[in-house]
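Undergrad: Protein sequence lines, in the order shown, are assigned to chains A and B.
All letters in the first sequence, in the order written, are residues -4 to 151 by my numbering.
All letters in the second sequence, in the order written, are residues 2 to 116 by my numbering.
First the structure, which I've put down as structure tokens, then a few questions once you've had a look.
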Amino acid sequence: MSDNRTGDEAVASYLSRLERAGAGLPPDRRSELLQQIREHLDEVSSSPGATEAGVLTAIDRLGDPAVIVAAEELPTAGPATVSPTPPSRWGPLEVISVALLTVGSFLLPVVGPTAGLVCAWLSRQWTHREKAVATLLVAPTFLLFGLLLAWPLLRL
Amino acid sequence: MDADDTRPALTQLRRGTIEFCVLALLRHDERYAVDLVRELGAVDGLVTSEGTVYPLLSRLRRDGLVTTTWRESESGPPRRYYRITDSGGRSLRAFADDWSRFRDAVDTLITEEGR
């Protein structure tokens, strides 16, 4: 063995490849990664009985610098990726709509639920499907009320 | 490039489980980086290139699942040792439960024996 540690040249060449591959990483991440890989290879090359072939094998096992950098770029699977809670589907318009469609039907027949349906269809929170369901549920009461009003006329 | 590019499911599985394998290796004792990386690399099919373990170790440290300390070595330069934190331990136990249920569920469907 010479004064230089085993396989110094191969290590330097590998580290400079890694440095180039990691050019796009944030500086702190890149320097940490380089430091870790440098320590790894230092450990291998300075261990008793280290050989040039052993260092080359260690470099080979570390793998392609581009693959290591790609692993560094993967998103964190930690709390940072938790999706934000969906916005509430109950704004003032939706509350008024339900109030008019339920209690409103008794207090203000026809007028109450009609206003309720208008509110429901103006809602930006509810889907078209939900609005259609609300309309269908209320529709029979309109029919019934219409029949009651029309009854005296029909009997004539 | 990765020799498993043609098997994306394996790549995804490895990506989702490897950090817990690291935590499991640290469960009982702290270890220095090279030792940890070697051990992971020695398990067939777990790590395709040993260097990719380092970004993972940094991530675990940033997420507070492991901590690092420097210790002198008798045979060479000082070594960076990794130790699991309480939070890392909880994370590992939760994953171990999920994993055994998940593994059993998949096994039930994909193994031929007993069907």
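Each residue gets a CB set at the ideal place from its N, CA and C atoms; glycine is no exception.
Exposed or buried, what is B:R81 when buried is set at 16 or more other beta-carbons lying within 10 Å of its beta-carbon?
TA: Sequence index remark: in the second sequence, residue 81 of chain B carries index 80 (1-based). By the 10 Å Cβ count, B:R81 comes out buried.
Undergrad: Can you say whether A:I54 is buried or exposed, counting buried as having 16 or more other CB atoms within 10 angstroms of its CB?
TA: By one-based count along the first sequence, residue 54 of chain A stands at place 59. That one is buried.
Undergrad: What does DSSP give as the partner residue(s) for A:I63 in the beta ladder?
TA: For the purposes of this step, residue 63 of chain A is identified with residue 68 of the first sequence, where counting begins at 1. Per DSSP, none; premise fails for A:I63.
Undergrad: The ligand FMN heavy atoms versus the CB of A:L13: any closer than 6 Å?
TA: As for the ligand FMN, it is missing from this structure, which has no ligand bound.
Undergrad: I need the straight-line Cα distance from A:S(-3) to B:D99, nearest angstrom please.
TA: Taking the first residue of the first sequence as position 1, residue -3 of chain A is located at position 2. Taking the first residue of the second sequence as position 1, residue 99 of chain B is located at position 98. Reliability fails at A:S(-3), whose pLDDT of 45 lies under 50, so the model's placement of it is uncertain and the value that follows must be treated cautiously. The straight-line gap from Cα to Cα measures roughly 53 Å.
Undergrad: If distances are taken between C-alpha atoms only, which option among A:G107, A:V39, A:W146 and A:H123 comes closest to A:V133?
TA: Here residue 133 of chain A is taken as the residue at index 138 of the first sequence, counted from 1. Closest option to A:V133, Cα to Cα, is A:G107.
Undergrad: At what residues does the beta strand (DSSP E) containing A:V93 begin and finish?
TA: Taking the first residue of the first sequence as position 1, residue 93 of chain A is located at position 98. No beta strand (DSSP E) holds A:V93; the alpha helix (DSSP H) holding it covers P87 to L96.
Undergrad: Spatial neighbours of A:P60 within its chain, please: C-beta separation below 8 Å, excluding the five flanking residues on both sides.
TA: As a working mapping, residue 60 of chain A is identified with position 65 in the first sequence. Here the set comprises Y9, R12, L13, R15, A16 and G17.
Undergrad: According to a CB-to-CB cut-off of less than 8 Å, which residues of the region 45 to 64 of chain B neighbour chain A?
TA: Within the region 45 to 64 of chain B, the residues whose Cβ lies closer than 8 Å to some Cβ of chain A are T49, S50, E51, G52, T53, Y55, P56, L57, L58, S59, R60, R63 and D64, listed in chain order.
Undergrad: DSSP has B:R72 in a bridge; who is on the other side?
TA: Taking the second sequence and counting its residues from 1, one reaches residue 72 of chain B at position 71. Looking at the DSSP assignment, B:R72 forms a beta bridge with B:R80.
Undergrad: Around the C-beta of A:R146, are 16 or more other C-beta atoms found within 10 angstroms, so that it is buried, or is it exposed?
TA: One-based indexing of the first sequence puts residue 146 of chain A at position 151. Note on identity: in this sequence residue 146 of chain A is Trp, with Arg being the wrong assignment. Classification of A:W146: exposed, given that the 10 Å Cβ count is below 16.
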